[in-house]
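First the structure, in the form of structure tokens, and then the observations on it.
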Amino acid sequence: MKNTLIALVFITTSAAVSAENLKSDNYKDGFSVLGGYSVASGDLADLPYAETGSFALGLDYTFREGFIVGTVFTPDYFSNEVGAYGVAISEEIAAVDVYGGYEFDNGLRLTGGVSMGLYDGVANVGGITGAYSETMPGFNVGVGYNYKHLVADIRFASLAGDYVLSGTNTTLMVGYQF
Numbered sequence: 001m002k003n004t005l006i007a008l009v010f011i012t013t014s015a016a017v018s019a020e021n022l023k024s025d026n027y028k029d030g031f032s033v034l035g036g037y038s039v040a041s042g043d044l045a046d047l048p049y050a051e052t053g054s055f056a057l058g059l060d061y062t063f064r065e066g067f068i069v070g071t072v073f074t075p076d077y078f079s080n081e082v083g084a085y086g087v088a089i090s091e092e093i094a095a096v097d098v099y100g101g102y103e104f105d106n107g108l109r110l111t112g113g114v115s116m117g118l119y120d121g122v123a124n125v126g127g128i129t130g131a132y133s134e135t136m137p138g139f140n141v142g143v144g145y146n147y148k149h150l151v152a153d154i155r156f157a158s159l160a161g162d163y164v165l166s167g168t169n170t171t172l173m174v175g176y177q178f
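Have a look at this one:
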């Protein structure tokens, strides 16, 4: 009986230690800092003088269990300036994405969340200026991969405005996980 009890304790503790080692090897917890390039498409890209490319900065945290929370900031998501015959129009959108997700054992990362665009438009007609601001809600999804603390993500975000054009955004980001 004594030998059976010792063997049972040994097997139980060995399995627990093995499971803990397996878990810590497969999941890489820590902060990730990402940078990348963002391109708008849809209605936003159809405007004649629109600048739809911008840099993006991201920060996320992966918990030991594989859960991810993060954010991406695109300060110049979209800008458009046009002027002729005494009329000048300037439009800008900055965007923030907040997301959650999961990193699988093989390093595959799947995320999704909410997006918010901050639209500012100014029109000047013959010296008379008018301004309009709007918050544009949306959603985002992403897929990525973590390989030995090097992280690569591609994100798709969609923003919809009430009185302004709507559009989608594709962001390719790379970074490092500490």
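Note that UniProt numbering numbers the sequence shown so that position 133 is 133, with each residue one more than the last.
Note that beta-carbon positions come from the ideal geometry of N, C-alpha and C, so glycine has one too.
**Asked** Between D76 and the rest of its own chain, which residues show a CB-CB distance below 6 Å, the 5 nearest in sequence each way excluded?
**Response** Working through the sequence shown from its first residue, we reach residue 76 at position 76. Closer than 6 Å at the Cβ level, and outside the excluded window around D76, lie S54.
**D25 versus T52 - alpha carbon distance** = Stepping through the sequence shown from its first residue, residue 25 is reached at position 25. Stepping through the sequence shown from its first residue, residue 52 is reached at position 52. Interpretation of D25 is limited by its pLDDT of 49, a score under 50 that renders its predicted location unreliable; the figure taken from the coordinates is listed afterwards. Cα to Cα, the separation comes out at about 41 Å.
**Request:** Using DSSP bridges, identify the partner residues of R109.
**Result:** To locate residue 109, count along the sequence shown from 1; it is residue 109. Looking at the DSSP assignment, R109 forms a beta bridge with E103 and G144.
**Prompt:** Which same chain residues, not among the five before or five after L34, have their C-beta less than 7 Å away from its C-beta?
**Reply:** On the sequence shown, residue 34 is found 34 positions in, with the first residue counted as 1. Taken in chain order, the residues that qualify are G58, V151, D153, M173, V174 and G175.
**Spatial distance of V87 from D105 (CA atoms)** = Position 87 of the sequence shown, counting from 1, holds the residue named residue 87. Position 105 of the sequence shown, counting from 1, holds the residue named residue 105. Near 57 Å, if we compare the C-alpha coordinates of D105 and V87.
**Message:** Measuring straight from C-alpha to C-alpha, what distance separates V69 and A123?
**Reply:** For the purposes of this step, residue 69 is taken as residue 69 along the sequence shown, with counting starting at 1. For the purposes of this step, residue 123 is taken as residue 123 along the sequence shown, with counting starting at 1. Roughly 38 Å between the two C-alpha positions.
**Item:** Alpha-carbon to alpha-carbon, A56 and E134
**Value:** As a first step, residue 134 must be located in the sequence shown, where it is residue number 134. As a first step, residue 56 must be located in the sequence shown, where it is residue number 56. The alpha-carbon atoms of E134 and A56 are separated by roughly 21 Å.
**Message:** Given this structure, state the Cα-to-Cα distance separating F178 from V96, to the nearest angstrom.
**Reply:** As a first step, residue 178 is located in the sequence shown; it is residue number 178 there, counting from the start. As a first step, residue 96 is located in the sequence shown; it is residue number 96 there, counting from the start. One C-alpha to the other measures close to 23 Å.
**Request:** From the DSSP output, in three-state form, read off F63 for me.
**Result:** Translated into the one-based positions of the sequence shown, residue 63 becomes position 63. Correct three-state label for F63: coil.
**Message:** Please report the distance separating the alpha-carbon of G121 from that of K148.
**Reply:** The residue you call residue 121 lines up with position 121 of the sequence shown. The residue you call residue 148 lines up with position 148 of the sequence shown. Straight-line Cα distance between these residues: approximately 44 Å.
**Message:** Using the three-state DSSP reduction, which class does Y85 fall into: helix, strand or coil?
**Reply:** As a working mapping, residue 85 is identified with position 85 in the sequence shown. Y85: coil per DSSP, three-state reduction.
**Asked** In whole angstroms, what is the alpha-carbon distance linking S166 and A157?
**Response** Indexing the sequence shown from 1 puts residue 166 at position 166. Indexing the sequence shown from 1 puts residue 157 at position 157. Distance between the alpha carbons of S166 and A157: 11 Å.
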